[in-house]
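Asker: The structure follows.
As structure tokens, this is what we get:
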């Protein structure tokens, strides 16, 4: 029985997520991705055009998953940061993929369009909450988003600061919430 093209695409994305998270873009091998997905490497090129195209599709998918799983609530940025921190703890491959993107691609090209749209949406939501007086405006929306995202990743085992904070999940949530509360206070 032939597998559907959507099933093949999903298996390739799942295998590529694991491969890119482990080895980065340059270190990832299409042969390993294809083998893990149970198909041949020509399928990668047929569905995604190139290894870079596959990485972009993985990155897009993860951005969509984050936005769907943890939608921003700019009127409750401390709660958003806690939920995001919990999600990153449950999905550590996301931070590894983001780190590989920064290390290997950096400023040489823009992040995928989905990531840019998600960031623009979050900045607009923060700006609107600031304009409404719901949160403090001592930081520009872009800076506030960057700080909230950084704080939300503090407890991740893949964070550079992971060894500094030996805390339970409950303590980490309290630290994240308190830090963001201070950032957004009027």
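In my numbering, the protein residues as written are 29 to 214.
Don't be surprised by glycine CBs; every beta carbon is placed ideally from N, CA and C.
Small disclaimer: the values here were computed from a predicted structure and weren't measured.
Between residue 201 and residue 160, what straight-line distance do the alpha-carbon atoms span, to the nearest angstrom?
Answerer: By 1-based counting over the chain shown, the position of residue 201 is 173. By 1-based counting over the chain shown, the position of residue 160 is 132. Rounded to the nearest angstrom, the two C-alpha atoms are 27 Å apart.
Asker: Out of 114, 78 and 83, which has the shortest C-alpha to C-alpha gap to residue 142?
Answerer: In the chain shown, residue 142 corresponds to position 114, counting from 1. If we check each option's Cα against that of residue 142, 83 comes out closest.
Asker: Can you tell which of 170, 165 and 77 has the C-alpha that lies nearest to the C-alpha of residue 37?
Answerer: Counting from 1 along the chain shown, the entry for residue 37 is found at position 9. The residue with the shortest Cα to Cα distance from residue 37 is 77.
Asker: Spatial neighbours of residue 69 within its chain, please: C-beta separation below 8 Å, excluding the five flanking residues on both sides.
Answerer: Counted from its first residue, the chain shown places residue 69 at position 41. Excluding sequence neighbours, residue 69 sits near 58, 59, 61 and 62.
Asker: Is DSSP giving residue 98 helix, strand or coil here?
Answerer: If you number the chain shown from 1, residue 98 lands on position 70. DSSP places residue 98 in coil when its eight states are reduced to three.
Asker: Does the segment 161–175 come close enough to the segment 202–213 that 3 or more CB-CB pairs lie under 8 Å?
Answerer: Output reads yes: the segment 161–175 touches the segment 202–213.
Asker: Any chance you could list the alpha helix (DSSP H) runs of at least 4 consecutive residues sitting entirely within the segment 113–143, in chain order?
Answerer: Correct list: 121–132.
Asker: Helix, strand or coil, according to DSSP, for residue 214 in the structure here?
Answerer: Translated into the one-based positions of the chain shown, residue 214 becomes position 186. In this structure, residue 214 counts as coil in the three-state DSSP scheme.
Asker: Measuring CB atoms only, is the segment 94–106 touching the segment 126–135, in the sense that at least three cross pairs come out at less than 8 Å?
Answerer: Touching, no, given that fewer than three Cβ pairs across the two stretches are closer than 8 Å.
Asker: Distance check for residue 203 and residue 52, CA to CA, integer angstroms please.
Answerer: Translated into positions along the chain shown, residue 52 becomes position 24. Translated into positions along the chain shown, residue 203 becomes position 175. Those two C-alpha atoms are separated by around 31 Å.
Asker: Between which two residues does the alpha helix (DSSP H) harbouring residue 52 extend?
Answerer: Here residue 52 is taken as the residue at index 24 of the chain shown, counted from 1. Run containing residue 52: 33–55, per the alpha helix (DSSP H) assignment.
Asker: Cβ of residue 158 within 8 Å of Cβ of residue 140?
Answerer: Your numbering for residue 158 matches position 130 in the chain shown. Your numbering for residue 140 matches position 112 in the chain shown. Cβ atoms of residue 158 and residue 140: not closer than 8 Å.
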